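Following: one structure in C-alpha cells, then a few remarks.
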Amino acid sequence: MLHRSASVCFLFRGPGLCSFTPGDEKRVDSRTIYVGHRPCPDTEAFIPSKFCDNRIVSSKYTVWNFLPKNLFEQFRRIANFYFLIIFLVQVSESLGPENLLLKGATLKNTKKIYGVAVYTGMETKMALNYQGKSQKRSAVEKSINAFLLVYLCILISKAVVCTTLKYVWQSKEGQDEPWYNQKTQKEKDTNMYLKMFTDFLSFMVLFNFIIPVSMYVTVEMQKFLGSFFITWDKDFFDPEIQEGALVNTSDLNEELGQVEYVFTDKTGTLTQNNMEFIECCIDGFQYKHRDTRCELDGFTVTDEPVNKLQQKEKEELFLRALCLCHTVQVKEAGSEEVLTDQVDGIDGMQPQPEEERGFIASSPDEIALVRGAMEYGFTFLGLESKSMKIKNRENNIEEYKLLHVLNFDPVRRRMSVIVQTKSGETLLFCKGADSSIFPRVKPEEVDRIRMHVERNATGYRTLCVAYKQLSAEEYAVADTGLREARLTLQDREQKLMAMYNQVETGMSLIGATAVEDRLQEEAAETMEALQGAGMKVWVLTGDKMETAKSTCYACRLFQRGTELLELTVRTLEDGRLKREEKLLELLRDYHRRAVKRCMSFLSCRSWSTANQDYGFIIDGATLSLMMNPPREADASQYRSLFLQICQNCTAVLCCRMAPLQKAQIVKMVKNSKGSPITLSIGDGANDVSMILEAHVGIGIKGKEGRQAVRNSDYAIPKLKHLKKLLLAHGHLYYVRIAHLVQYFFYKNLCFILPQFLYQFFCGYSQQPLYDAAYLTMYNICFTSMPILAYSLLEQHISMEILLDNAALYREIANNAMLRWRPFLYWTVLGIFQGLLFFFGVRFLFSNPALQDNGQVFGNWSYGTIVFTVLVFTVTLKLALDTRHWTWINHFVIWGSLAFYVFFSFFWGGIIWPFLKQQRLYFVFANMLSSVSAWLVIIILILLSLLPEILLVVLRKPRGPHSRQVYLFLPFPF
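Residue 243 in the working numbering is what sits at position 248 of the sequence shown, and the numbering runs on without skipping anything.
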C-alpha cells in the first residue's frame, strides 16, 4: 500500500540503473523501486539524495553577468576593439607642441595641473647626445711610466751585474770559501742556480730604493692640495652669481699647462646669451633708438620717409607684430620681489627696475624683441584666457584674441600667430629668418629690406617681420585644416607643416630687426691671449654661419686680413660634379693654398706667425658628408686633408653643429698625429659630449643650467677666467709637478748609486752601506717635505708676468720639461753626484787615522758620511732651484736638515732595548768629532752643487722670451 506523502520509486527491467542496494551490483538488468527514501543501515550516516533541477532557462544573460559577458562578446572581435580606441582618441584632446612645457616652466594662475612626462630617461636630449666618459690621463703620468721603465731596467741591470760579478769573483781560488768563513754542509749541497737566483733577488731588494714609490704618494698629495689654489683664487669669484671656480678632478692640473687646441661653444660661452634690441628697419627705413638726427614718435630715422603719416601706420603695425608674435609670458611679482627676465626658467642676472615688467620665454631673442617694442611705446601686458593685451603709445589698451600659434621649428625657421581684433579683423603675424621669409612675401618688398638685413647680419642676429590679413573664408579654411592636422594620428608633423606653409604665403613684409648677443666680458682679449700662447681655437656652434662668423671677428679670432676657406653646403653646390667630388676638389685646393705654400718653413704644429693668414669654416652637413662618405675608403683621405688644413689656420669655425658632431671633431683632433692636448669649454647640456671627449673639460656657470658644470673637470664663472686658469695656474702646475717628478728620480739615483758602488768593495755580499733607519727615513722624512712645499708654492715666474706675456706658455708646450733631454740631464747629474759622494768619502778614508785618538772609522761611519753629504746636497739643490721663497719653504728646507741632524744624534745616542744590534751607536757623534770629516762633507757638498751654479751663470738664453724663462727655470730643456 502506498502512502500519498511518500515518495515512490519503481524498478524497471532494462540497462539503466537508478539506485542500488548493497549486494545488487550484479543485477544490472533490473531496477528496484523504494517507496520513500532508501532505508539507511544503522552503521551509516544518512545522506539526503540530491536531484537535478528540472527548470529550463532560455535567456542568455542574467542581472549579474550581463555587463561583463556583453563586453566580452563585443571586444573579442578585434575590429570592435580597434574602433573603440579610435573613438576614445578622437574625443580626447591630443597633445602637441603647444602643450609641451619646457624645463623650468613656472606654474601660473592655477593651483595645480595634470601632466604626462615625455622624453624622459634615455630619450632626453642630454641622454641622446651623451657619449660614455673616457678615462682621462695626463701627459705627466705617461712620462712617469716611461721614466719608471728606464729606472726599472737600471735596477735589473744593477742586480744582474752584481750577481754575475759575485760569482766571477768567487770563482777565484780561496775567494768562495775563505778560512775565516767556512761553508756549512747545507750551503754546499744547495743548487748553484738556486743560489744565483736568491742572490739576484737579494740585490733587487738592496737596490729597490731607486724606484721612487713615495713619489706617487707625493704626486697625489700635490694634485689634491694644489687644486685648492684654484678654488681659493679671488680673481675667479663672480659677484653676480656669488660663486668662484670649481675643481671636479685634481688629476689634470698639469694638463692646463699643456693645452694645444681649445674647442669653445659660442652662445653663452663667447657671448653672454643676453640679447639686446639694437635697431630695426621698417619699409626700407632704418630706425635707431635715441639718436639726435630726426625723431618720429619716439623713433630715430636715419633715412627720412616721404609720407610721415603713412610711415607712422607701418611703424605701429610693426610694433604690434613684435608685441603679438611670440610666446612670452609676463612674470608677475609680489610687492617685495624684484622682477627679472627668465629664459627656460633660469633667472637673468640683471634685475629690472620696478616699473618694468619681467618676462618668461624659451628664447632670449623673444624677450629682446618685446623689450625693444617697449622702448618705442608698445608694451605687452600679458595673455589671459586666449586674450592678448598691449598698451600703445597713447596708453590705450588694445585687446586681441589669440586664435592659433604656429610654433617655431628649425626646419621652417619662423613662427606665426593668428589673432582677431575687436573689430573682427583676422591678422597673421610672422617672424623668422630672412631665408624663410623672403620667398613668402611680395618680391618688390624684399629689395627695400634686403640691404639692411645683409649689413646687420655681419654683427647682429636678424629677423624679418611680415603680416597678412585673412578673410573670413581664408581663416575658416586655415582653422579647419589646423584643427584636423592637430587631431590626426598619422603623419601629424607633416600635415601640420603643410598647413603652416599653406597659411604663411602671400604675406606683406613690414621690416626687420637687429638683435645683438653681447660678447662675454674680455672675450676678445682672452681669445687673443690664447692664440698668443700658441693654442689653436675652434668655435663649435649650432648657429648659422653669418652670426657665428661675426662673433669670430668680434673676438679677434678672424682678422681683417684673414683669408677664409669655406667648406659648406653652399660651396658644394655644383651642377657639374657630385657633392663628394666637389668636396674632395675643395679640400685639395685648400690644402694646396694653406699647407703646401708654407711647407718649406712650417711644420704642421709650428707656432710661427706665418700661418696666421687663413681661417676655416665648415658646417654640420658638410662635416657629416666628410665623416661618413658613400665610400668608406674616402673617409681617411678627407680627414687627413681636413686636419692638415685646420692645423695651418689661425682659427676654425664649425657652424650648424649637432652636439654629437662637436664630440666627433674633438675626438678626431685628439687622435690625430702627435696626440695634441685638447680642451673643450661650454655652458650648456649640448656641450657635455665635447667636454667629456676632450683631455680637459671646462664648464661655464652660465644661464643654460649646470649640466656642463657637473660633467666638467673644472668650472669657472666667466670665459675671461680661462686666461688665468691656463696661462698662470696651468703653467705653474706643470712646472711644479715636472720638477717634482725629475727631482724624485734624481735624488733616488744619488741615494742608491753609492750603495751599488759599495758592492765592489765588500765582495758583493749584499752588505748595506746605510743603516736601516736611514733607508726608511730618506724618502719619508728627510727629503719629502721640501719637494712637496716646492711643488705647491713655487712661482718661478710671477703670475703677472705670465698673464702679460702669453708667449711664455709656448716655452713649456709639448711636455717640454718631461722630455728625454731634461730626463737625461737629471740622470747624469744624479750619476755625477753619486760618484762624487762615494769616491770623495773613500778618498777621505785613505787616511787611516781620522779620529784624534788614532782610531779608524768603520763601515757604518763610511755610510753615515756619504748619507750626510747626500741629504745636504739634494736639499740644497732644491733650495737653489727655488725662486719664490715663503716662510713655509724656509721652515721645511732648513727644518728637514735640522731634523736629520737631531735624529742622527738621537738614534745613535741611546741604547735601544728592542734592537738586537745597534750599528749607529755614537757613530754620528764620533764622525762630527773629526775635523777631516767636517772638511770632506763641506767640500763634497760644494763640488756637487758647483756644476749647477756654473750652468746658471754661464748659459746663454735663446729666443725672444727665453731670457725670462732661463732666468727663472731651474734647469734647461
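The beta-carbon is built from N, C-alpha and C at its ideal position, and this holds for glycine as well.
On a predicted model such as this, the values are computed, not experimentally measured, just so you know.
Collapsed DSSP secondary structure at residue i in the structure displayed
i: valine 647; result: strand
i: leucine 949; result: helix
i: alanine 653; result: coil
i: lysine 21; result: Caution is warranted here: a pLDDT of 49 is assigned to lysine 21, below 50, making its placement in the model unreliable, and no coordinate value can be reported.
i: aspartate 584; result: helix
i: glycine 427; result: strand
i: phenylalanine 917; result: coil
i: glutamine 632; result: helix
i: tyrosine 609; result: strand
i: alanine 240; result: coil
i: arginine 814; result: coil
i: serine 856; result: helix
i: aspartate 538; result: coil
i: glutamine 489; result: helix
i: leucine 376; result: strand
Rounded separation between residue i and residue j - CA only
i: alanine 808; j: alanine 141; result: 19 Å
i: serine 166; j: asparagine 854; result: 26 Å
i: tyrosine 765; j: tryptophan 533; result: 57 Å
i: glutamine 656; j: leucine 618; result: 8 Å
i: serine 707; j: leucine 378; result: 40 Å
i: asparagine 884; j: phenylalanine 897; result: 20 Å
i: valine 163; j: alanine 801; result: 60 Å
i: histidine 724; j: leucine 251; result: 8 Å
i: leucine 458; j: threonine 546; result: 17 Å
i: phenylalanine 195; j: phenylalanine 204; result: 15 Å
i: aspartate 538; j: valine 736; result: 45 Å
i: asparagine 243; j: leucine 752; result: 47 Å
i: arginine 814; j: phenylalanine 901; result: 42 Å
i: leucine 96; j: phenylalanine 424; result: 23 Å
i: phenylalanine 202; j: glycine 829; result: 14 Å
i: glutamate 984; j: arginine 587; result: Any question about residue 984 goes unanswered here, given that the chain covers just -4 to 968.
i: serine 760; j: lysine 668; result: 51 Å
i: glutamate 271; j: threonine 105; result: 32 Å
i: arginine 478; j: lysine 384; result: 25 Å
i: valine 257; j: alanine 356; result: 32 Å
Residue i burial status per 10 Å Cβ neighbour count (16 or more: buried)
i: glycine 501; result: exposed
i: tyrosine 889; result: Reading off the sequence, residue 889 comes out as tryptophan, not tyrosine. Counting Cβ neighbours within 10 Å, tryptophan 889 comes out exposed, since fewer than 16 surround it.
i: serine 856; result: buried
i: cysteine 757; result: exposed
i: leucine 744; result: buried
i: proline 654; result: buried
i: proline 749; result: buried
i: glutamine 237; result: exposed
i: asparagine 774; result: buried
i: tyrosine 109; result: exposed
i: tryptophan 821; result: buried
i: leucine 819; result: exposed
i: methionine 446; result: exposed
Opening and closing residue of the beta strand (DSSP E) in which residue i lies
i: cysteine 275; result: 266 to 277
i: serine 197; result: Element bounds for serine 197: not the beta strand (DSSP E) but the alpha helix (DSSP H), 187 to 202.
i: threonine 508; result: 503 to 514
i: tyrosine 785; result: Looking at the DSSP string, tyrosine 785 is not in any beta strand (DSSP E); the run it does join, the alpha helix (DSSP H), is 779 to 788.
i: valine 412; result: 409 to 415
i: glutamine 324; result: 324 to 326
i: glycine 904; result: Element bounds for glycine 904: not the beta strand (DSSP E) but the alpha helix (DSSP H), 882 to 904.
i: tyrosine 256; result: 256 to 259
i: threonine 617; result: No beta strand (DSSP E) holds threonine 617; the alpha helix (DSSP H) holding it covers 615 to 622.
Residue range of the unbroken alpha helix (DSSP H) whose run includes residue i
i: histidine 399; result: Unbroken run through histidine 399 is the beta strand (DSSP E), 392 to 401; no alpha helix (DSSP H).
i: glutamine 217; result: 208 to 221
i: leucine 111; result: The residue you asked about is not leucine; residue 111 is valine in the sequence shown. Counting along the chain, valine 111 falls outside any alpha helix (DSSP H), and DSSP gives it neither H nor E.
i: leucine 247; result: Here leucine 247 belongs to no alpha helix (DSSP H), and DSSP marks it neither H nor E.
i: phenylalanine 976; result: No answer is possible for residue 976: it lies beyond the span of the chain, which begins at -4 and ends at 968.
Run through the stretch 427 to 486 for me and flag every whole beta strand (DSSP E) of 3 or more residues, listed as ranges in chain order. 456 to 465
Scan the stretch 667 to 722 and note each continuous beta strand (DSSP E) run of 3 residues or more that stays entirely inside, going in chain order. 673 to 677, 691 to 695, 709 to 711
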